[in-house]
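If you read the protein sequences in the order shown, they are chains R and E. Under the numbering used here, the first residue of the first sequence is numbered 875, with each subsequent residue one higher. Under the numbering used here, the first residue of the second sequence is numbered 875, with each subsequent residue one higher. What follows is a single structure, written as structure tokens, with notes after it.
Number of protein chains: 2
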Amino acid sequence: MKRELSTKSNPKARLRSTAEFARHVGLARSTVSRVLNRQPGLRAGTIEKVERALRETGFAPNAHARLLRGEHSHTIGVCVKDFLTPPIVRKMALLQQAMRSRGFSCIIEMLEPGTSESVIQHFLSLRVDGIAFIGYYDQGEPEVGLAGLVHFGTPHVVMDQFGVPDANTVTLDRSRAMEMAIDYLVGLGHRRFGLIGISQRMLGEFDRITGVRRGLQRHGLDPAVVVTSRDQYHPRIEDYAFGAAVARDFAALPGRPTAYLALNDDIAIGAMHGFVESGLQVPDSVSVVGFNNQDVCRMPNPELTSIDQQIEATVSSAVDILLSQIGKPRPAAPIIRTIEPVLVVRGSTGPAAR
Amino acid sequence: MKRELSTKSNPKARLRSTAEFARHVGLARSTVSRVLNRQPGLRAGTIEKVERALRETGFAPNAHARLLRGEHSHTIGVCVKDFLTPPIVRKMALLQQAMRSRGFSCIIEMLEPGTSESVIQHFLSLRVDGIAFIGYYDQGEPEVGLAGLVHFGTPHVVMDQFGVPDANTVTLDRSRAMEMAIDYLVGLGHRRFGLIGISQRMLGEFDRITGVRRGLQRHGLDPAVVVTSRDQYHPRIEDYAFGAAVARDFAALPGRPTAYLALNDDIAIGAMHGFVESGLQVPDSVSVVGFNNQDVCRMPNPELTSIDQQIEATVSSAVDILLSQIGKPRPAAPIIRTIEPVLVVRGSTGPAAR
DNA sequence: CTGAAAGCGCTTACAG
DNA sequence: CTGAAAGCGCTTACAG
């Protein structure tokens, strides 16, 4: 009676339950439920009547009640790094698209430092079917929460982040990326290399440093001699300005390198401008290689040579990894996939100046 | 007993209910519930015991069961346009951050064309406390679903999209933005203007066109005479290339404009490059103004003058609008807020060439 | 602190 | 097709 009252006194109130809705249509609750769940054996007229009322009233059955009965939520929790770089955004968008086409929706939460455990807990309380992580968290942030997922065999996939023991992971082969860049630059005659933003100091850069070393050694060059870094003299507050500052520093350096590898495209473009401001020319005096192959590579003149992360391949691997766990027995060993990068050559690189 | 079996035979299975959890801790279900809900009158030892077990087992109480009891879900549904431009991403990130700090989480869904009604329905079935829309949908996409929200008084806020009757809205004053740009350029001596990507053809650009007209008329200039567009001769597949193509076209035009207003920063930067390729100089021969004031404005040389959307102000208005509806009686009239843009002058604009 | 009970809204199996 | 009933996991008011 409370219900009838509220429905009558305010005709604009939304119907809140199948009971109210069934009364509205003049059918039994169970019949309505059967129509909503597309069960067979119903008269066409009944189905039609329910669907019309559904459109008219805008009634949405309470998902929590259905989920309480233990069905799959068909929902994925997505943790993204709170600093949304273009590659992260792209992965997020592609992941959501791919999962939606498979009938899953995504709850996206940004992980600010210190929040990962509560975010994971929130996802678990919503009984998501799986959890995806996007982006590299250098504070070692999500490890604790992830350990729990691994321990209990909760479906999950970690993109970009590496070094998480026993987690299902898909990562770009950053070491290989650096080797490819070195191969290419050595082929152009370069023998002295500058790193911009790629520092030993950062744990996340370990793989890239390794790749640079390995690439150089294969060409008989000694990393300790031919690689220079000036990062330590410049704070990295904002990427573009940081790249420009490091480049101006390099420009003034006697015997400066002729080829530069930057941590990302923004730093690389900042560096290009820093070099030009200092009277050097790109690529005639110095070559610059970015990382990520973002749209922004086309903004400077000349356009920026960069390394492509192959984001489509990464996301599609991640989706496979997730789906292979949902509703299936736990895999015996963690699933690990590595993605091969691609070097995209544009105008910012050329033969070494003699 | 089924429960005990599963718990015992597989010690790694996650506990699924407060009943299982209470048995695990050796307390009554109601006691556990009281601890979880921080109710008063519990012994410190009991609280401590429950919290330790919570950490050890990683138990997460089923949120659907709690939500079924009709409490606020403290969740906001966020609809974003599926094409994630930097301003949209920024709004999304700021909105989520602001809502989280107020105890709400966000479910983000990208609206592909034709999906808006089902996405809204999904949000409603999850009993979200409100729904936010981010981005301009030129197909008139979300109108139908929004009409339902308006009709039933469901808390909502629409950012960017305008022309939705009776919806609670916060929009940038795009007309004012164009007036500001015209004022500034006329002050620099410009008398002939080119529009790049701002076309009458697009409904969403109506306000900008109005602003350009109004600005010119105030300076005694006739829009029909002093404004030129070449958009119709170039398909807009990709913004940067589109801007470059239109600029090359303008460069070859006798009596070409000296100042250009672009739809967005990417188009503007493409245009700068198109002009330079055609032998013109920015800003000595032509001035270019972008829109959005994205980070990318700093990438070209000279840097791009642009119009800032004041995204922080927009989002904070949107949050106010949302919170003012949640748990409160329906406002008598739709809430409409307008945000004042800011012109950010950089190197791409200068005095008109004589 | 315990324990039994009610009720949130749904689905489903059952008898009619 | 109807109608009554059970059960999902939680919270809360109640008697002990």
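Ideal placement from N, C-alpha and C gives every residue a C-beta, glycine not left out.
- Using a CB distance cut-off of 8 Å, residue 1175 of chain R counts as an interface residue toward chain E.
- Minimum Cα-Cα distance from residue 1206 of chain R among the listed residues R:1024, R:976, R:907 and R:1033 corresponds to R:1024.
- The same chain holds no residue with a CB closer than 7 Å to that of residue 1099 of chain R once the five nearest residues on each side in sequence are set aside.
- For residue 1216 of chain R and residue 1054 of chain R, the gap between their C-alpha atoms comes out near 8 Å.
- In terms of beta-carbon proximity, residue 1071 of chain E stays away from the interface with chain R, with every pair separated by 8 Å or more.
- By the rule that beta-carbons nearer than 8 Å mark a contact, residue 1109 of chain R does not touch chain E.
- Separation of residue 1106 of chain E and residue 1076 of chain E (C-alpha to C-alpha, rounded to the nearest whole angstrom) is 12 Å.
- In terms of beta-carbon proximity, residue 1143 of chain E lines the interface with chain R, with at least one pair separated by less than 8 Å.
- For residue 993 of chain E, there is no enclosing beta strand (DSSP E); the residue is part of the alpha helix (DSSP H) that begins and ends at 990-999.
- Each residue's CA atom was taken as its position, placing residue 1191 of chain E and residue 925 of chain E some 39 Å apart.
- With fewer than 16 other Cβ atoms inside 10 Å of its own Cβ, residue 911 of chain E counts as exposed.
- Counting C-beta pairs closer than 8 Å gives fewer than three between the region 1059-1069 of chain E and the region 1016-1030 of chain E, which falls short of the contact rule.
- Per DSSP, reduced to three states, the secondary structure at residue 1130 of chain E is coil, with no helix or strand assignment.
- Residue 1006 of chain R is positioned such that its CB atom lies no closer than 8 Å to that of residue 1133 of chain R.
- For a Cβ distance threshold of 9 Å, residue set 999 of chain R lies close to residue 935 of chain E, ordered along the chain.
- When Cβ-Cβ separations below 8 Å define contact, residue 1185 of chain R makes no contact with chain E.
- Contact of residue 1147 of chain R with chain E by beta-carbon distance below 7 Å involves 1175.
- Boundaries around residue 1100 of chain R are those of the alpha helix (DSSP H), 1097-1100, since no beta strand (DSSP E) includes it.
- For residue 934 of chain R, the closest of E:1050, E:1118, E:980 and E:1022 by C-alpha to C-alpha distance is E:1022.
- At least one CB of chain E lies nearer than 8 Å to the CB of residue 995 of chain R.
- In this model, residue 1210 of chain R and residue 1042 of chain R are separated by some 6 Å (Cα to Cα).
- For residue 1069 of chain R, the enclosing beta strand (DSSP E) begins and ends at 1067-1070.
- Your pair residue 1018 of chain E and residue 981 of chain E does not check out as a contact, with CB atoms roughly 20 Å apart and the cut at 8 Å.
- The beta carbons of residue 1136 of chain E and residue 1162 of chain E sit closer together than 8 Å.
- A residue is called buried once 16 or more other Cβ atoms fall within 10 Å of its Cβ, and residue 988 of chain E, having fewer, is exposed.
- Per DSSP, reduced to three states, the secondary structure at residue 951 of chain R is strand.
- In the three-state DSSP reduction, residue 1062 of chain E falls in the coil class, being neither helix nor strand.
- Listed along chain E are 981, 983 and 996, each with a C-beta nearer than 8 Å to that of residue 979 of chain R.
- Under the 8 Å criterion on CB atoms, residue 938 of chain E is classed as interfacial with respect to chain R.
- For residue 1120 of chain E, same chain residues with a beta-carbon under 6 Å away, outside a window of 5 residues either side, are 1070, 1104 and 1108 in chain order.
- In the DSSP assignment, residue 1125 of chain E is bridged to no other residue.
- Annotation: the continuous beta strand (DSSP E) that includes residue 1006 of chain R extends over 1004-1008.
- For residue 942 of chain R, the C-beta contacts it makes with chain E under 8 Å involve 936, 938, 939 and 942, in order along the chain.
- Contact between residue 1168 of chain R and residue 1046 of chain R is ruled out by a C-beta separation of about 14 Å, above the 8 Å threshold.
- For residue 1177 of chain R, no beta strand (DSSP E) segment is defined, and its DSSP state is neither H nor E.
- Counting only the Cα atoms, residue 948 of chain E lies some 11 Å from residue 937 of chain E.
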